[in-house]
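Structure record follows, encoded as structure tokens.
Protein chains: 2
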Amino acid sequence: MTAPLVEFIVTGDEVMRGTIADTNTQFIAQRLYPLGLTLRRTTVVGDRSEDIRGALLETGSRADFCVVSGGLGPTSDDLTAACAAEAASVPMRRDRVWLDHLRRRWAARRSEPMPANNERQADVPETAEVLGNPDGSAPAFALRIGRCLFFFLPGVPREYRRIVEELVLPRLLQATGASVLRMRVLQCYGVTESRLDELVSSIRDGHPEVRFGFRTKFPENHLSLVALAADAATAEANLARVEAECREALAGYLYGSDGVTFAQAVGQELAARGETICCAESCTGGLLDDLLTEAPGSSAWAAGGFVTYSNELKERALGVPRDLIDRYGAVSEPVALAMAEGARARSGTSWALAITGIAGPSGGTPEKPVGTVWLALAGRDGARSRSAFYRGDRGQIRLQSAYGALQLLREALGHRVRSS
Amino acid sequence: MTAPLVEFIVTGDEVMRGTIADTNTQFIAQRLYPLGLTLRRTTVVGDRSEDIRGALLETGSRADFCVVSGGLGPTSDDLTAACAAEAASVPMRRDRVWLDHLRRRWAARRSEPMPANNERQADVPETAEVLGNPDGSAPAFALRIGRCLFFFLPGVPREYRRIVEELVLPRLLQATGASVLRMRVLQCYGVTESRLDELVSSIRDGHPEVRFGFRTKFPENHLSLVALAADAATAEANLARVEAECREALAGYLYGSDGVTFAQAVGQELAARGETICCAESCTGGLLDDLLTEAPGSSAWAAGGFVTYSNELKERALGVPRDLIDRYGAVSEPVALAMAEGARARSGTSWALAITGIAGPSGGTPEKPVGTVWLALAGRDGARSRSAFYRGDRGQIRLQSAYGALQLLREALGHRVRSS
Chain A
1 MTAPLVEFIV TGDEVMRGTI ADTNTQFIAQ RLYPLGLTLR RTTVVGDRSE DIRGALLETG
61 SRADFCVVSG GLGPTSDDLT AACAAEAASV PMRRDRVWLD HLRRRWAARR SEPMPANNER
121 QADVPETAEV LGNPDGSAPA FALRIGRCLF FFLPGVPREY RRIVEELVLP RLLQATGASV
181 LRMRVLQCYG VTESRLDELV SSIRDGHPEV RFGFRTKFPE NHLSLVALAA DAATAEANLA
241 RVEAECREAL AGYLYGSDGV TFAQAVGQEL AARGETICCA ESCTGGLLDD LLTEAPGSSA
301 WAAGGFVTYS NELKERALGV PRDLIDRYGA VSEPVALAMA EGARARSGTS WALAITGIAG
361 PSGGTPEKPV GTVWLALAGR DGARSRSAFY RGDRGQIRLQ SAYGALQLLR EALGHRVRSS
Chain B
1001 MTAPLVEFIV TGDEVMRGTI ADTNTQFIAQ RLYPLGLTLR RTTVVGDRSE DIRGALLETG
1061 SRADFCVVSG GLGPTSDDLT AACAAEAASV PMRRDRVWLD HLRRRWAARR SEPMPANNER
1121 QADVPETAEV LGNPDGSAPA FALRIGRCLF FFLPGVPREY RRIVEELVLP RLLQATGASV
1181 LRMRVLQCYG VTESRLDELV SSIRDGHPEV RFGFRTKFPE NHLSLVALAA DAATAEANLA
1241 RVEAECREAL AGYLYGSDGV TFAQAVGQEL AARGETICCA ESCTGGLLDD LLTEAPGSSA
1301 WAAGGFVTYS NELKERALGV PRDLIDRYGA VSEPVALAMA EGARARSGTS WALAITGIAG
1361 PSGGTPEKPV GTVWLALAGR DGARSRSAFY RGDRGQIRLQ SAYGALQLLR EALGHRVRSS
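One line per chain: the protein sequences are A and B, in this order. For the first sequence, our numbering begins at 1 and goes up steadily by one. For the second sequence, our numbering begins at 1001 and goes up steadily by one.
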């Protein structure tokens, strides 16, 4: 069968004025692509009836499916439901089931009766099928306009995302001829997107039953595997077979799957070993600590650290000898090692990571250009160090430095690590 | 005169697949809005000739101006220039001036002659006016299709943004009847958007010659003032008058203007006084240090700090007495004060800021729910502290905590500070 033609419409003056960025397009595009359903067009219009109606009629004459986000709330600039009714040439009706739901929802939260104008939230076009909304009072609904089946959703990202996942994607999945989807995201570090592609290309060619997708989340690269099938057992078996082959091909780059962060993956491993980590950071200015502690529960492995941006603080807080800094410079192997050892001695943690480098844009010299970084790791059995050179702007150099330090720790924990 | 109807078109498979988020729409929307030119519609299509051509023809029959981003590069999926020529029913031509520019650009960088297929980058529709590209090899151009004047731009954000600012906006500005624009962004902290609106509403009503815009950059709120006029002196005088009134109305909330960050504003003030700062962070895990050091040149004021996530590190690195933690808890006024004093004593800086709190999602208790934070500041003349309660998710609580600490320092530096 030919893939159905899917479009997306976003409404809202705040997007057209640039007050907010539309993130709903990327969300649904990322969810549709693995189903083999590429978005064909996205249309963004403001809160004007004629523009919304125009977009609905044009798309209705062209697409098989369309998702619409925004304009379903209770305020005067929420016009989408009324425009949908006009485009479908049907009147509005008050949905009894949703109205009861609204009254129960209200009663569970407040003692006074629900104001009459809140009942408006149960108004939908007469021929609409109410889909609901697990997190809010404006119901999503499906409605046919022209040749196209539209799904109307609230624009609030939290409500929108859940409705897409739970109520819209299963319907679109059916349209592809499959009924079950299983997905895995394999997260890699230390490999470029083109090398990743190359490493798995023969596996992809041998398994047309699984779709491969790539996504860059600097400095990581992710591979997504999607198995579509008529039943769960087939989808799971297909996915498991291909995943095992990919895991083998990506060994040394693959650090985790399905949303764990790089720092979290390292941290969880430390926690399992009953070990802890502390950081001594110069050019990264707290970024490594921030990555290590941004996950809930990180207090199990992350003790914290020292941000010794100035040379004086390197000396005072970490005991880095002043003559070491004078002799080799703050960005040097001896200073990185002394920072790591000083941090570990002062914190009493199992491990300590140190970063000292030149993140730019100024501060570079011919011998130590912007991007020069020294990394060090101190542990029970001594310390190790590594020099690195990173390209990019200040933020990119800082991020790569933090990743490089975590990678040094992963190696010490026994991971095989490849360089691409 | 009626405002011209302006649209925007984005092309690119990577947007339709969700591989990248389109940021070009928000950029131009934000730039157009202060000119009184609201985007009427944005259309996003993939790299298919028929879809690009279709979008150009539809917009060409509807809009006065349209900016198009993407598809001007040298690769096989860069189809926009050819589609533009087809939509305008003109052949392509090789632009001699741009070709010479390409050859000079190539010669300045490499010794071998420019390959013939690079000449394609000088191909534009016959009736196009070449606008150029200060940062790249694909030239932007203007072309009339139907009733609409199109501006075709490369999609790479860095190139795109500069061309919008320098080559497109001045042309669109003329279309508004004005010829000069002067703009100021006043950046506020500690005030909600609605309160900000209220504070300046009478000024706005009294000065229709200046446009007011609001933008939230959590936890900050910004007010933009735009003066359009026929000549620079008038635009500048109008802007200066309104800016002075707004500065007075916003005193106590206004911390800076035109892109300085909150941390930078505080840091620059410290640098001017010859003072330095160090941080002792618990729940923020390095975020405050990261904010203070993300700006180039921050080594003049930021010494670094201590991320004492664990109680043990609070004791070891900062000398917080263990019995203080046992008696009052890690999130308490005495511990916050001891952290600040310990950090200042160990770093030798003029000031030290401390943050200890519960960022969630777990860790809250009935007495100290998630969002409870203690802030402290130590200086030459002793220490001060403040308790705060922040709402939001973990990231929002961490960010507000870091801002709260910086605000405590601003007060100590003598700023009048209002609470909204």
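Quick reminder that beta carbons are idealized off the backbone N, C-alpha and C, glycines included.
Spatial neighbours of Ala1317 (chain B) in its own chain (CB-CB distance under 7 Å, excluding positions within 5 residues in sequence) are listed in chain order as Phe1306, Thr1308. In the structure shown, Ile28 (chain A) adopts helical secondary structure according to DSSP, grouped into three states.
Annotation for Val1331 (chain B): Thr1356, Gly1357, Ile1358, Lys1368, Thr1372, Trp1374 place their beta carbon closer than 7 Å to its own, counting only its chain and skipping 5 residues before and after. Residue contact check for Ser347 (chain A) against chain B: a CB pair falls below 8 Å.
The beta-carbon distance between Ala303 (chain A) and Thr284 (chain A), rounded to whole angstroms, is 17 Å. This is too long to meet the 8 Å contact definition. Taking a cut-off of 8 Å on C-beta distances, the region 74–94 of chain A does not touch the region 172–180 of chain A, as fewer than three cross pairs fall below it.
Within chain B, the residues Ala1029, Thr1038, Leu1039 have their CB atoms less than 7 Å from the CB of Met16 (chain A), given in chain order. Comparing C-alpha distances from Val1068 (chain B) to each of B:Glu1245, B:Arg1241, B:Val1335, B:Tyr1160 shows the shortest one belongs to B:Tyr1160. Annotation: Ser1362 (chain B) to Asp231 (chain A) spans about 38 Å, alpha carbon to alpha carbon. CA-CA distance, Ile1052 (chain B) to Asn1117 (chain B), rounds to 24 Å. Assignment of Lys1368 (chain B) by DSSP, reduced to helix, strand and coil, places it in the coil class. The DSSP-derived three-state label of Ile397 (chain A) is helix.
If you look at Glu281 (chain A), you'll find it in the beta strand (DSSP E) that goes 277–281. Contact check for Ser1257 (chain B) against Leu1196 (chain B) fails: the beta carbons are separated by 8 Å or more. From the listed residues A:Thr261, A:Ser385, A:Leu143, A:Asn221, the smallest Cα separation to Val191 (chain A) is found for A:Asn221.
Sequence-distant Cβ neighbours of Ile1397 (chain B) in its own chain, meaning closer than 6 Å and more than five residues away, are Ala1359, Gly1371, Tyr1390.
Assignment of beta-bridge partners to His207 (chain A) by DSSP yields no partner.
Within chain A, no residue has its beta carbon less than 7 Å from that of Glu1198 (chain B); the closest one is some 18 Å off.
Interface flag for Asp1051 (chain B) against chain A is set, since a Cβ pair is found closer than 8 Å.
With respect to the 8 Å criterion, Ala1084 (chain B) and Ile1145 (chain B) are classified as neighbours on the basis of their beta carbons. Three or more Cβ pairs closer than 8 Å define a contact, and the region 17–34 of chain A falls short of that threshold against the region 96–109 of chain A.
With 16 or more neighbouring CB atoms inside 10 Å of its own CB, Arg1346 (chain B) falls in the buried class.
The beta carbons of Ala29 (chain A) and Gly1018 (chain B) sit about 3 Å from each other, so the pair counts as a contact at 8 Å. Against chain A, the CB of Thr1023 (chain B) has a partner CB under 8 Å away; the residue lies at that interface. Boundaries of the beta strand (DSSP E) harbouring Thr356 (chain A): 351–357, taken from the DSSP string.
For Ser299 (chain A), the secondary structure class from DSSP, reduced to helix, strand or coil, is helix. For Cys278 (chain A), the closest Cβ of chain B is nearer than 8 Å. Taken atom to atom, the span from the alpha-carbon of Cys278 (chain A) to that of Asp290 (chain A) is near 12 Å. If one requires a minimum length of 4 residues, the alpha helix (DSSP H) runs lying completely within the region 49–120 of chain A are 49–60, 80–87, 96–107, in chain order.
One alpha carbon belongs to Leu413 (chain A), the other to Ser224 (chain A), and they sit about 27 Å apart. Within the region 157–227 of chain A, the alpha helix (DSSP H) runs of at least 4 residues that lie entirely inside it are, in chain order, 157–163, 169–175, 193–206. Contacts with chain B at 8 Å (Cβ-Cβ) do not include Tyr403 (chain A).
Your pair Thr75 (chain A) and Ile9 (chain A) does not check out as a contact, with CB atoms roughly 19 Å apart and the cut at 8 Å. Interface criterion not met: the Cβ of Thr356 (chain A) is under 8 Å from no Cβ in chain B. One finds nothing in chain B with a Cβ atom closer than 9 Å to the Cβ of Phe212 (chain A); even the nearest lies about 13 Å away. For Pro125 (chain A), the three-state secondary structure derived from DSSP is strand.
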